[in-house]
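Basically my numbering = 1-based index in the sequence shown + 3. Just so you know, even glycine gets a beta-carbon here, dropped at the ideal spot from N, CA and C. Keep in mind that this is a model prediction, so the values were computed, not measured.
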Amino acid sequence: MQPFVSVRRVTKRYDGRAVVDSVSLEVHAGESVVVVGPSGSGKTTLLRMIAGLENPDDGEVWLDGRHVSAPRRIVVAPHARRIGFVFQDLALWPHMTVRDHLRFVLKAARVSRQERADRTSAVLTLVRIADMADRYPHQLSGGEQQRVALARALVGRPRLLLLDEPLSSVDPELRTALRTELLRLKAAVDVTMIYVSHDREDAAVLADCVIQMQAGRVVVPGALENNRGRA
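Structure below.
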């Protein structure tokens, strides 16, 4: 079966140092992969290359059989990859309401006014913040802000959801609840997911398989570990 995401020996250097060093991985449609490793291991840079926010110095990225990144060249722009991205700092816009965050994404995608309203309402209900649609980020708790970031990532109906340590700033009790919520959301929208974390508990709960990185490389041959009974 052809993988949905294929990363082929990608390398990214900053100031002559390889922060991602000849990394390859494959993710199949519907799969949930968690990339774990310490800070500075290259996890975020790898995610950004998959998203098209960084181009590789060497290697290639393919999505659904389509060549999207080549050495020092973005072949397919990020907005054309149908990817939802949840950033570590969430990157919410302070001057926009919750509803406006989602409508902005849909307007940029040239979705009609009526469909923008319908899809916004549906996704806010899905992530259970419909009653907060007219609030601003500063009026929300940390967990509610996480849900807004997820809603914004999902409203464009992405084929691939990328999450960069989205739960790193919440307390342990809320983190446990949000992990469960992520599983529910993934099942509801049937999306392929790559989740970056330094927390192995995230991997234990969320992953179909785990990839471990260290110093820019995937470590341990066959570093894919089956965690939830899927081959």
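- Distance check between I86 and each of C212, L163, P169 and S35 places L163 closest, using alpha-carbon atoms only.
- By a beta-carbon distance limit of 8 angstroms, Y198 does not contact V8. Their separation comes to about 13 angstroms.
- With a contact defined as Cβ atoms closer than 8 angstroms, V23 and G45 qualify at about 4 angstroms.
- Listed in chain order, the non-local C-beta contacts of A32 below 7 angstroms within the same chain comprise F7 and T195, local neighbours out to five positions each way being set aside.
- Restricting attention to R12, H98 and A54, the CA atom closest to the CA of D61 is found in R12.
- The three-state reading of DSSP puts H31 in coil, since its state is none of H, G, I, E or B.
- Here the stretch 129–142 does not lie against the stretch 162–181, with fewer than 3 beta-carbon pairs under 8 angstroms apart.
- For V108, the enclosing alpha helix (DSSP H) stretches over residues V101 to A111.
- Boundaries cannot be given for D174, as no alpha helix (DSSP H) includes it and DSSP labels it neither H nor E.
- Annotation for L93: Q148 and A152 place their beta carbon closer than 6 angstroms to its own, counting only its chain and skipping 5 residues before and after.
- Separation of V114 and W65 (C-alpha to C-alpha, rounded to the nearest whole angstrom) is 26 angstroms.
- Per DSSP, R155 is one residue of the alpha helix (DSSP H) stretching across G145 to L157.
- Using a 10 angstroms sphere on the CB of M4, the tally of other CB atoms stays under 16, which defines it as exposed.
- The distance from the Cβ of A54 to that of F88 is about 5 angstroms, consistent with a contact at the 8 angstroms cut-off.
- An exposed status is given to K110, since fewer than 16 other beta-carbon atoms sit within 10 Å of its beta-carbon.
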